[in-house]
Structures are given as C-alpha cells and as structure tokens.
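In our numbering, each residue carries its 1-based index in the sequence shown increased by 750.
Glycine included, every Cβ here is placed at the ideal spot set by N, Cα and C.
Here's the structure we're looking at; comments come further down.
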Amino acid sequence: MTRVSLVTLLLLAAVGCAGEAQSGDQAKMPGIGGPAKPGASAGDNPALVGSDQLKTFESDADPQKLVEFARQNLQAIDAVIRESPEQAKIQVDALRKAMSEVKTEGSEEAEAIVGQVNQALDLFAEQIKLQRTTLEGLKEEVTKSPDDVEGIKRYTMKLMMVLSQSMDDVKMIEAALKSEGEFIASTTEKATDSEAKLALKRAELMLRSMEGNVERLKAYDAVVGKEMLPIEADAWVNGKPITTEELQGKVVLFDFWAIWCGPCIASFPHLIEWQEKYGDQGFQVVGVTQYFDFTWPEGSERPQQSESGNADPKEEQAALTKLTKMYHLNYPTAVMKDSEDFYKYYAVSAIPHMVIVGRDGKVKKVNAGISEDIAKKLDVEIQELLKEPAPSK
C-alpha cells in the first residue's frame, strides 16, 4: 500500500519535487490525474475545485483521485492565502467539510489521506491567523514569555512564512538566518520549561534546514549570465525539434520536469498561458525531461514505472506524448538520455525548475518550485525581457 505523507501533500500544494531531480526514487509520488479544472466545483460548493476527481473516488474508491482532489484544493488555498486570507478561510472550511463527508470505510489508505489533508488544513488555518500578525510582534511576545510554548510555535511558523516569501533574495535570507538564530539562542538561555526548550530547538532546526536553500539559491545566481547551452535531445515530444539557432533572439523558458512530478504538472497551466500570451512576441517555452523508465499501459489512467526498470525509450516517449496531449501543452519537450551535464549547467536539483534566457542568449532568471507568487514574478520577468530589442545578427 502506498502511503501519502503530509510532506508530499504540502509539496503538491505549493513547492516542488524536493530532492535530486535526477533520481527516479520519487517516481511513485502521487499527483498525476486528469487535467485540473479550476472552474469545476465539488458538490454544490463553489469554494472547492476538482469535482470530477472526488466523484470518481466516490464511485471507484481509487485513493489517487482523492489525492488529486486534495492537491487541487490545497494549491487553490495557497494561491490566495497571502492576498486574501478571508477567501482562504472559506476554502479551508469547505475542504474540511468535504473531507468529513468522504466515505473511507474499508480503506486504510483513504483514511490516512483524509487525516493528512486535515493536518495540512490545520497548518493553513494557523497561517491565516498569522497573516494578521508581524514577526517582530511575535518576537516581542516570546521575549516577554520565553516559556510560552504556543507563542514559540506561532513565532516559528511566522518565521517560516516570511522566509519562504523571500526565497529569491539571498542576502535577506542570510541576514535573517543570522539574526533569528541569535534570537532563538538567546531565548533558549532564558527559557526554563523543557517543552519550551524543545519548541525552540525545533525552530533552530528549521533555520538550519533553510541553510541548504541558501546554497541552492547561490547556485542559481551563479547560472545567471551564462550562455544558453545547445540542446542535445535523444528525442522530442509534442512538437518539432528546436535548434539553438532557432531560439536566438527569443526569450526562452526552459521547464525541467518529470512525468511523475505532481508540482510539475501543476505548473503546466502557467506555461500554456505564457506561450499563448507571448508566443507571437518572440517567446518560447521548451520542456526538458529525461527517461525515468515509465510507460503507459493499455487501459491505465496514468503512466506507470516499468517493473523491469528498463522501459523501451519509444514506449516512454509515447507515454510522454500522451501526457502532454492530455494537458494540452502548446510547446515541445526535449527528452534527454545523457542529461547530467545539461542539468548541472543549469543547477537543476529540484523540479519543476525553470530557466529564463533573454534575447541576448544569456540566462536571466533561475527558479525552482511553483506557486501563484512565483508565477506572477516570472510573468513580470518575461514581460520585461520581451521589451528588450533582439540583438542584430
């Protein structure tokens, strides 16, 4: 039985496929269902999306459909939680009600998924409350009451929120890690309650985990300014091959993705929109993926990893083609066989991973993960780069 962890659900909601993008170990990660339908409501509640997935789960008890329904709605909450916390609360309450009505009798996996979704909703509910607070205000509370465990937890979550919203500012993150680390250390010295000390230790560990993100961001910064690397694909799916020469003078977005990556699929609507909006202005999306030993068995609703671990490349190309058609992608994808050098050149360590190249053929922006905030920033970046004139040949 495949367990769906809370971490996986949160990754599907907002971040990316953590871990090495080169690895196939995460190939069983959920998140591949039918195309998301933002306009559909679950039941009669317009605050929910993905009614088809929930109805299908109710009819055939396929836990994957329940995961997809949860993914779509957690992602929808994440999209509005910063700018419209009241709307996010409505969606949280609606999803919690839907989970309470899910019939899970006889399915331990479905029960686990419902429980994990509710945990995710608890986190979102706490984030909504914290939108009305400031980090400095919470630090003042902790300073006054260093043994207040709940106050420390609120401070830690707010700190996570602040840091996650500034992940494209390396200097700010480094400064925050230093100052907040000092604050946590000084507060730990003042605390006398063992539970409070434990909560502060967790806050410290969270900060340490962010240090790896800083190194990743530095690696991204090192890519900016590099020349666009020629694409050496083993095959192309969903379109004709594109040469480096054809991309000269264009703004190019390389989207590194995988057939098994739920967040990658969640980013497709943005990529489709950008290609439609800016394609005639000299913009081109190019998907980039590699072989992960996946095929699409006849009669199956989704691609599956080959049991032999040695899928025929033609069959995997067919599976990729089917997936790109299912999601109506309007740009081609390069399938790489010997991808290590290409991925390393663009500092790919987690997916989805996007690299934007300017009209001058040099890298302008590198980003991993996807959320509504990230998509808005990338959209602005694309618009600004399109204003620049193409270099004379």
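Take Glu924 and list the residues in its own chain whose beta-carbon comes closer than 7 Å to its own, dropping the five residues that flank it on each side.
Working through the sequence shown from its first residue, we reach residue 924 at position 174. Around Glu924: Val964.
Kindly list the residues whose CB is nearer than 6 Å to the CB of Gln1025, restricted to its own chain and excluding five residues on each side of it in sequence; keep chain order.
Translated into positions along the sequence shown, residue 1025 becomes position 275. Within the same chain, Gln1025 has close Cβ partners Val1035, Asn1080 and Tyr1081.
Cα-Cα separation, Ala875 to Gly999
Counting from 1 along the sequence shown, the entry for residue 875 is found at position 125. Counting from 1 along the sequence shown, the entry for residue 999 is found at position 249. Straight-line Cα distance between these residues: approximately 47 Å.
Would you mind stating whether Val842 and Gln822 have Cβ atoms separated by less than 7 Å?
Here residue 842 corresponds to residue number 92 of the sequence shown, with the count starting at 1. Here residue 822 corresponds to residue number 72 of the sequence shown, with the count starting at 1. Not in contact: Val842 and Gln822 (Cβ atoms no closer than 7 Å).
Which residues in the same chain have their Cβ closer than 7 Å to the Cβ of Lys940, if we skip the five residues on either side of it in sequence?
Here residue 940 corresponds to residue number 190 of the sequence shown, with the count starting at 1. Here the set comprises Pro896.
Secondary structure at Met1086, three-state DSSP: helix, strand or coil?
The sequence position of residue 1086 within the sequence shown is 336, counting from 1. Looking at Met1086 - three-state DSSP - the assignment turns out to be strand.
Tell me the DSSP bridge mates of Leu967?
Looking up residue 967 in the sequence shown gives position 217. According to DSSP, which records beta bridges pairwise, Leu967 is partnered with nothing at all.
Could you tell me the alpha carbon to alpha carbon distance between Gln880 and Trp986, rounded to whole angstroms?
By 1-based counting over the sequence shown, the position of residue 880 is 130. By 1-based counting over the sequence shown, the position of residue 986 is 236. As written in the sequence, residue 880 is Leu, which differs from the Gln given in the question. Here the alpha carbons of Trp986 and Leu880 stand approximately 46 Å from one another.
Pick out whichever of Glu982, Ala1008 and Met1076 has its Cα sitting closest to the Cα of Ser1089.
Start at 1 with the first residue of the sequence shown, and residue 1089 comes out as number 339. Distances from the alpha-carbon of Ser1089 to those of Glu982, Ala1008 and Met1076 put Glu982 closest.
Taking the Cβ atom as the reference point for each residue, do Met849 and Val864 lie within a distance shorter than 7 Å?
For this step, residue 849 is matched to residue 99 along the sequence shown. For this step, residue 864 is matched to residue 114 along the sequence shown. Cβ distance < 7 Å, so Met849 and Val864 count as in contact.
Can you round the beta-carbon distance between Ala969 and Ile1120 to whole angstroms, since I take them to be within the 8 Å contact cut?
On the sequence shown, position 219 is the one that residue 969 refers to. On the sequence shown, position 370 is the one that residue 1120 refers to. In fact, because the Cβ distance is near 19 Å, the residues do not count as touching under 8 Å.
For a quick check, are the C-beta atoms of Thr906 and Ala972 less than 7 Å apart?
Looking up residue 906 in the sequence shown gives position 156. Looking up residue 972 in the sequence shown gives position 222. Between Thr906 and Ala972, the C-beta spacing is not below 7 Å.
Quick check: the stretch 1067-1080 against the stretch 1045-1053, are at least 3 beta-carbon pairs closer than 8 Å?
Yes, they touch.
Confirm, please, whether the CB-CB distance from Val920 to Leu967 is below 7 Å.
Mapped onto the sequence shown, residue 967 falls at position 217. Mapped onto the sequence shown, residue 920 falls at position 170. Annotated as proximal: Leu967 and Val920, with beta-carbon spacing under 7 Å.
CA-to-CA distance, Phe819 to Gly1012, given in whole angstroms:
Sequence index remark: in the sequence shown, residue 1012 carries index 262 (1-based). Sequence index remark: in the sequence shown, residue 819 carries index 69 (1-based). So the alpha carbons of these two residues sit roughly 12 Å apart.
Which residues bound the beta strand (DSSP E) around Trp986?
To locate residue 986, count along the sequence shown from 1; it is residue 236. Annotation: the continuous beta strand (DSSP E) that includes Trp986 extends over Ala985 to Val987.
Can you tell me whether Pro813 is buried or exposed, with buried defined as 16 or more other CB within 10 angstroms of its CB?
The residue labelled residue 813 in the question sits at position 63 within the sequence shown. Counting Cβ neighbours within 10 Å, Pro813 comes out buried, since at least 16 surround it.
Per DSSP, which one or two residues make a beta bridge with Arg1080?
Walking along the sequence shown from the start, residue 1080 turns up at place 330. Correcting the residue type first, residue 1080 is Asn in the shown sequence and not Arg. Beta-bridge analysis with DSSP links Asn1080 to no other residue.
Does the Cβ-Cβ distance between Val1098 and Asp984 come in under 7 Å?
What you label residue 1098 is simply residue 348 of the sequence shown in a count that begins at 1. What you label residue 984 is simply residue 234 of the sequence shown in a count that begins at 1. For Val1098 and Asp984, no; Cβs fall outside 7 Å.
So, do the stretch 1110-1117 and the stretch 1056-1064 have three or more beta carbon pairs nearer to each other than 8 Å?
With the cut-off at 8 Å, the stretch 1110-1117 and the stretch 1056-1064 do not touch.
By the DSSP assignment, the beta strand (DSSP E) with Lys1112 in it spans what residues?
Counting from 1 along the sequence shown, the entry for residue 1112 is found at position 362. First-last for Lys1112: undefined, no H or E at that position.
Given that a residue counts as buried once 16 or more other Cβ atoms are within 10 Å of its Cβ, and exposed if not, what is Arg904?
Against the sequence shown, residue 904 aligns to sequence position 154. Counting C-beta atoms within 10 angstroms of its own C-beta, Arg904 has 16 or more neighbours from the protein chains shown and is therefore classed as buried.
Please state whether the Cβ-Cβ distance between Leu885 and Lys908 is less than 7 Å.
Residue 885 sits at position 135 when you count from the first residue of the sequence shown. Residue 908 sits at position 158 when you count from the first residue of the sequence shown. With respect to the 7 Å criterion, Leu885 and Lys908 are classified as neighbours on the basis of their beta carbons.
Indicate whether Tyr1077 and Phe1018 have their beta-carbon atoms separated by less than 7 Å.
Residue mapping note: residue 1077 aligns to position 327 of the sequence shown, counting from 1. Residue mapping note: residue 1018 aligns to position 268 of the sequence shown, counting from 1. Yes; because the gap between Cβ atoms is below 7 Å, this pair is in contact.
Of the residues Leu1135, Pro835 and Ala797, the one placed nearest Val1001, counting alpha carbons only
One-based indexing of the sequence shown puts residue 1001 at position 251. Of Leu1135, Pro835 and Ala797, the residue nearest in Cα terms is Leu1135.
Mind checking whether Ile840 and Ala870 have CB atoms under 7 Å apart?
Here residue 840 corresponds to residue number 90 of the sequence shown, with the count starting at 1. Here residue 870 corresponds to residue number 120 of the sequence shown, with the count starting at 1. Contact flag unset, no.
Looking only at DSSP bridge pairs, what is Ala1104 linked to?
Looking up residue 1104 in the sequence shown gives position 354. According to the sequence as given, residue 1104 is Met; it is not Ala. DSSP, once it has assigned bridges, lists Asp1005 and Asn1117 as partnering Met1104.
In the DSSP assignment, find the unbroken beta strand (DSSP E) run with Val1035 in it and report its ends.
Here residue 1035 refers to the residue found at position 285 of the sequence shown. Phe1033 to Gln1040 is the span of the beta strand (DSSP E), which, as asked, contains Val1035.
For Thr893 and Asn988, believed in contact at Cβ under 8 Å, the rounded distance
Here residue 988 refers to the residue found at position 238 when the sequence shown is read from its first residue. Here residue 893 refers to the residue found at position 143 when the sequence shown is read from its first residue. About 56 Å separates the two Cβ atoms, so there is no contact after all.
Can you tell me the Cβ-Cβ gap for Ile1009 and Phe1044, rounded? I've got them flagged as a contact below 8 Å.
Locating residue 1009 in the sequence shown gives position 259, counting from the first residue. Locating residue 1044 in the sequence shown gives position 294, counting from the first residue. Going by Cβ atoms, the distance from Ile1009 to Phe1044 rounds to 5 Å, so yes, they are a contact pair.
For Gly962 and Gln837, what's the separation of their Cα atoms in angstroms?
Looking up residue 962 in the sequence shown gives position 212. Looking up residue 837 in the sequence shown gives position 87. When rounded, the distance between both Cα atoms is 33 Å.
How many angstroms separate the CA atom of Ala716 from the CA atom of Leu1021?
Any property of residue 716 remains undetermined from this structure, which presents the chain solely from 751 to 1143.
Which term fits Gly856, buried or exposed, when burial requires 16 or more other beta carbons within 10 angstroms of its beta carbon?
Numbered from its first residue, the sequence shown carries residue 856 at position 106. Gly856 comes out exposed.
Which full runs of the alpha helix (DSSP H) of 4+ residues lie inside the stretch 920-999, going along the chain?
Taking only runs of at least 4 residues, the alpha helix (DSSP H) segments lying wholly in the stretch 920-999 are 920-940, 944-973 and 994-997.
My assumption, with CB atoms under 8 Å, is that Pro1141 sits in contact with Asp1091. Please give the rounded CB distance.
Start at 1 with the first residue of the sequence shown, and residue 1141 comes out as number 391. Start at 1 with the first residue of the sequence shown, and residue 1091 comes out as number 341. Contact flag wrong, Cβ pair sits at about 26 Å.
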